[in-house]
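**Q**
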Amino acid sequence: MNRLTLVHLTFLGVGKPPATVEFSPGLTVIYGASETGKSYVEKSVDYMLGASELKPIPEDEGYSRILLGLRVDDGRVLTLSRGLADSTIDVFNSDLRQLTTAPADATLGFKHSSTSQRNISRYLLKVLGIDGLKILRNSRGEVRLLNFRDLARLSVINDSRMAGERSPVLTTGLPQNETGEKSVLKLLLTGQDEPVGPTAPGTVEKKVGKGQVEILDRLIDDNREKLTIAANQSELREQLARLQSSLDNATSRSGQLIASRSALVQRRRDLEASYSVNQQRASEVRQLLARFALLREQYESDLERLRMVGEAGNLLGYFQTGTCVFCGAEPEHQHPGHHLAETTQLVAAVAAETRKTTELHRDLLSTIEDLDAQRADLNTESARHDDQLTGIDSELRALEEQLEPLTTDTREVLAARSRLEQELAIHAQIEQLEEMKASLSNALPAPPPARSDGIPAADVSDFERAIHQTLQAWHVPGENRVTYNPTSAEIAVDGRPRGSRGQGMRSIIHAAFVVSLARRNTARGLIHPGFVMLDSPVVTYRQPQNREADPELMTYDVVEHFYRDLLDDPPGQVIIIENGTPPATITERARIYPFDVDGSERLGFFPPRDQTPTD
């Protein structure tokens, strides 16, 4: 089968400068401050791949069209073009980067249809070479055509799903879709679609016989007893909307604090690097001063020796050039072999050596004085570094104190949201039962028995091993023994279900699930679109204070090994969206987009409003 590579995402508008990001065929990282459009990139890609809507933001005002460039393994280059509120998608068989009046090569609907191929889902499935494959629709054994959205939901993961308690397999959260979502994973793990066959009775139909309306009444009553909140569906939805708003605000605030913490951590790293250079230079200066002290002693010893030689010669008269101290002859009457010549030469040698040594001694003293000044400056700078590091540590502690209640509040809001969603699901089930009761016929034919829809144990074991290897490569704490329950679609690591873990572990396990699925299927030539996009897979991690007391805390190097593994063993094209700064070691091997961080050229995905377009 073919695979797709995302080439670029571009927003265009008349009189507006293009807003665009180019995706690497390997690893692309988009990171930076909150409210800069990072998650909007993910939502826009999902929208271009057939999502129903893209909620507008103030920054996209004036933009009218979105382009998504795609490259197919067979060499074709495609461009999907869609308006910000359109129900159709234009397809161009070329690399389009600007507004055009040329007719599209195809115009498709965004909604999947089993009876028509004029929609983006069937088109992309045909490009991949897998159009027409079937999956289970429900537990009765009814089948439906594979939808490209089934694949996109396992490849493009937003931040709420990344850290959510729901299984990565159950992508929509709707009970009526669970059978189909499990069947999608079976298709990906085995490469085999579902044949059309006899259907089995539904869960409710099995309990209903001819004229047994009372059974449905009992089921309705049982479900009503499960309701714990005295509110109707409309009120529950309003409460859910308010909780979601609170959750969005808390998430935004947490993102800001995490971005501030990342900036402080980077400053601390820079100071530590500067401090290391300072200490290295101070050590060099100390070594030089120690050596120069010995050299100074040597020079002073040499000068003292030369002075003593001169004094001894003067006392004996050897170094005088006048009357011979031995015979009294004047210099003009002394013989050529007389000691005068040698005495004169010795005087000159002693004087020359004294001058040279004195100059060297003076230069050495000047150098020592300069090194002493350098040592004092280095000591002052070291003290300043200590003060700055202490201040940064204090700021980091203050940020942690602010983050802790936000984390607690977010956990409580998530729990409340889960309760509301459960209540709404019960209401929906009651409505379904009441509709069945109203339309119940007097007799139901006995349907044929259901068929098995489980995933072969060998494929489950192989997938569990792939996730285990990924978690190990990322240095996630623990033994990372992975088990997948095909019945509940839950993933457990070291015996603990993902849904019961902390937010950080839920995110990293979800990321490992998506990456392992892509890596395994790419290596085996099985079904996969060829790319993954993960929003905030490691944003919730923190350095552990006590690993034994709290094994949920990630080790400090999880983030670094996360990125290193994606580069060393790529599962295909990977796009990561994060708040925190990625490790500096990946910058030369990945395409990096910093939004609104120190030293970055871009304030966000969209250019500033006052920027004028260029030709």
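Read in order, the letters of the sequence shown are residues 1 to 615 in UniProt numbering.
We treat Cβ as the ideally placed atom computed from N, Cα and C, and that holds for glycine.
Quick caveat, the model's predicted, so the values are computed rather than measured.
Counting C-beta neighbours from all protein chains within 10 Å, is the total for Q280 16 or more, i.e. buried, or is it exposed?
**A** Classification for Q280: exposed.
**Q** For D535, which residues of its own chain have a beta-carbon under 7 angstroms away from its beta-carbon, when the five flanking residues on both sides are left out?
**A** Closer than 7 angstroms at Cβ, skipping near neighbours: S39, E42, I157, N158, D159, M162 and I577.
**Q** How far does the beta strand (DSSP E) with N2 in it reach, from first residue to last?
**A** Per DSSP, N2 belongs to no beta strand (DSSP E) and is neither H nor E.
**Q** By the three-class DSSP mapping on this structure, what secondary structure does Y63 have?
**A** Reduced to three states, the DSSP call for Y63 is coil.
**Q** Scan the stretch 80-140 and note each continuous beta strand (DSSP E) run of 3 residues or more that stays entirely inside, going in chain order.
**A** For the stretch 80-140, whole beta strand (DSSP E) runs of length 3 or above, ordered along the chain, are 88-92, 106-109 and 134-136.
**Q** In the DSSP assignment, what are the bridge partners of P497?
**A** P497 is bridged to A492.
**Q** Measuring CB to CB, does V169 end up less than 8 angstroms from E181?
**A** The answer is yes: Cβ separation under 8 angstroms.
**Q** For N379, is the classification buried or exposed, using 16 other Cβ atoms within 10 angstroms of its Cβ as the cut-off for buried?
**A** Looking at its Cβ environment, which holds fewer than 16 other Cβ atoms inside 10 Å, N379 is exposed.
**Q** Evaluate L70 with the Cβ neighbour count: other Cβ atoms within 10 Å of its Cβ, from every protein chain shown; 16 or more gives buried, anything less gives exposed.
**A** Result: buried.
**Q** How is A19 classed by DSSP in three states: helix, strand or coil?
**A** Correct three-state label for A19: strand.
**Q** May I ask you to verify whether the stretch 82-93 touches the stretch 47-56, counting CB pairs closer than 8 angstroms and requiring at least 3?
**A** At 8 angstroms Cβ cutoff, the stretches touch.
**Q** Residues bridged to Q573 by DSSP?
**A** F531.
**Q** So, with DSSP's three-state summary, where would you put F292?
**A** Reduced to three states, the DSSP call for F292 is helix.
**Q** If the criterion is Cβ atoms closer than 8 angstroms, does the pair D598 and A263 meet it?
**A** In contact: D598 and A263 (Cβ atoms closer than 8 angstroms).
**Q** Would you call D370 buried or exposed, if buried means 16 or more other Cβ atoms sit within 10 Å of its Cβ?
**A** The residue in question, D370, is exposed, as its Cβ has fewer than 16 Cβ neighbours within 10 Å.
**Q** Please look up how many angstroms separate the CB atoms of L303 and V350, rounded, as I've assumed it's under 8 angstroms.
**A** L303 to V350, Cβ: 11 angstroms. No contact.
**Q** Check for me: the alpha helix (DSSP H) holding L567 runs from which residue to which?
**A** Unbroken alpha helix (DSSP H) run through L567: V558 to D568.
**Q** Name the two residues that bound the continuous beta strand (DSSP E) containing I592.
**A** R591 to F595 is the span of the beta strand (DSSP E), which, as asked, contains I592.
**Q** Given that a residue counts as buried once 16 or more other Cβ atoms are within 10 Å of its Cβ, and exposed if not, what is G604?
**A** Buried, since its Cβ has 16 or more Cβ neighbours within 10 Å.
**Q** Give me the residue from S114, Q422, T79 and L136 with the minimum Cα distance to L240.
**A** Cα-wise, what sits closest to L240 is Q422.
**Q** How about V72 and V127: are their beta carbons less than 8 angstroms apart?
**A** Cβ atoms of V72 and V127: closer than 8 angstroms.
**Q** Round the Cβ separation of L12 and L99 to the nearest angstrom and send it over; I've been treating them as touching at under 8 angstroms.
**A** Confirmed, about 5 angstroms.
**Q** On a CA-only basis, which of P537, G478, R291 and S274 is nearest G164? Give me that one, please.
**A** For the residues P537, G478, R291 and S274, the minimum Cα distance to G164 belongs to P537.
**Q** Hey, how far is the Cα of P17 from the Cα of D459?
**A** Between P17 and D459, the C-alpha separation is close to 49 angstroms.
**Q** With distances taken from CA atoms, which of Y593, P477 and P608 is nearest F562?
**A** Of the candidates Y593, P477 and P608, the one whose C-alpha sits nearest the C-alpha of F562 is P477.
**Q** Using CA atoms only, rank isn't needed, just tell me which of T107, M533, F463 and V285 is closest to residue 625.
**A** The shown model of the chain, from 1 to 615, leaves out residue 625, and the question about it has no answer.
**Q** Contact between the stretch 263-275 and the stretch 425-435 is defined here as three or more beta-carbon pairs at a separation below 8 angstroms; is this criterion met?
**A** No, the stretch 263-275 is not in contact with the stretch 425-435.
**Q** Please check the pair K437 and V213, which I expect to be a contact at CB under 8 angstroms, by giving their CB distance rounded to whole angstroms.
**A** That pair is a contact at about 6 angstroms.
**Q** Sort L219, E401, Q192 and A230 by Cα distance to I258 and report the nearest one.
**A** I258 has its Cα closest to that of E401, out of L219, E401, Q192 and A230.
**Q** By a C-beta neighbour count over all protein chains shown, 10 Å radius and 16 as the cutoff for buried, is A523 buried or exposed?
**A** It is exposed - the Cβ of A523 has fewer than 16 other Cβ atoms within 10 Å.
**Q** Compute the distance between the beta-carbons of L145 and H528, then report whether it is under 8 angstroms.
**A** No, the pair does not count as a contact, with Cβ atoms beyond the cut-off.
**Q** Can you tell me whether DSSP reads N177 as helix, strand or coil?
**A** Helix at N177.
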